[in-house]
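Note that the sequence shown covers residues 1 to 142 in the UniProt record's numbering. Idealized CB from N, CA, C, for every residue including glycine. Fair warning: this is a prediction, and the values are worked out from it, not measured in the lab. The structure under discussion appears below in the form of structure tokens.
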Amino acid sequence: MSQVKHLLESKGSTVFSIAPDAPVLEAIKHMAEHRIGALLVMRGDQLVGVMSERDYARKVILQGRSSSQTAVSDIMSSEPLTVGPDTDVFDCMRLCTDSRIRHLPVVEGKRVIGVISIGDLVKAVIDAQAEQIEHLQRYITS
């Protein structure tokens, strides 16, 4: 099975982020504009958290808070789980499933080099299975 670095090679390593003191409304607009479900919360080059649509729904909407008056740092998930570029895709899926998260920042050393989502992981597994089926079919028919 492939590693995280292979996923980043195919999907790209663009990282969308926001500052912790930014208003939640700005973060939501940013996510909508880029059609993504989460943003990395960065202080300069340092990863300090992840803010997701789920955080917004549970910590702003359901609590009746103001999106324009609430800071991202008030609702973000602090100390996010991260993976390295050499981490196996199945290990990432296990981590997402066990931790009930959908996004994993990819960190090399202390530098963020990308983000993978549960959707990226599922696609990688499906692609690998399709390739394996194709190889088996060729083997059988040869």
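Backbone secondary structure at residue i - three-state DSSP
| i | result |
| --- | --- |
| GLN3 | strand |
| GLY119 | helix |
| GLU79 | coil |
| ARG138 | helix |
| LEU62 | coil |
| SER99 | helix |
| ARG43 | strand |
Through-space distance from residue j to residue i, alpha-carbon basis
| i | j | result |
| --- | --- | --- |
| MET31 | VAL60 | 16 Å |
| ILE28 | GLN137 | 46 Å |
| GLY114 | ASP45 | 13 Å |
| GLN69 | GLU26 | 11 Å |
| VAL107 | LEU62 | 32 Å |
| ARG58 | ILE101 | 14 Å |
| GLN132 | THR141 | 14 Å |
Close beta carbons around residue i, own chain, < 8 Å, minus the five adjacent residues each side
| i | result |
| --- | --- |
| VAL41 | SER17, ILE18, ALA19, PRO20, LEU47, VAL48, GLY49, VAL50, MET51, VAL72, SER73, MET76 |
| GLN3 | PRO85, ASP86, THR87, ASP88, VAL89 |
Buried versus exposed call for residue i [16 or more other C-beta atoms within 10 Å across all chains shown]
| i | result |
| --- | --- |
| VAL89 | buried |
| GLY109 | exposed |
| TYR139 | exposed |
| ILE126 | exposed |
| ASP120 | buried |
| ALA130 | exposed |
| ILE116 | buried |
| HIS103 | buried |
| VAL112 | buried |
| VAL122 | exposed |
Among the options, the one whose alpha carbon lies nearest that of residue i
| i | options | result |
| --- | --- | --- |
| CYS92 | ILE118, GLU9, GLY44 | ILE118 |
| SER78 | ARG43, SER67, VAL15, LYS5 | ARG43 |
| SER66 | VAL24, ILE36, LEU8, VAL83 | VAL24 |
| LYS11 | GLN132, ALA128, ALA124, ARG94 | ALA124 |
| SER99 | ARG35, SER142, LEU81, GLN3 | LEU81 |
| LYS5 | PRO105, HIS135, GLU134 | PRO105 |
Any non-hydrogen atom of the ligand ZN closer than 7 Å to residue i Cβ
| i | result |
| --- | --- |
| LYS110 | The model on display carries no ligand, and the ligand ZN is accordingly not part of it. |
Close Cβ partners of residue i (< 6 Å) along its chain, the five nearest in sequence each way excluded
| i | result |
| --- | --- |
| ARG54 | none |
7 Å Cβ shell around residue i - same chain, five flanking residues per side excluded
| i | result |
| --- | --- |
| GLU9 | none |
| VAL15 | LEU40, VAL112, GLY114, VAL115 |
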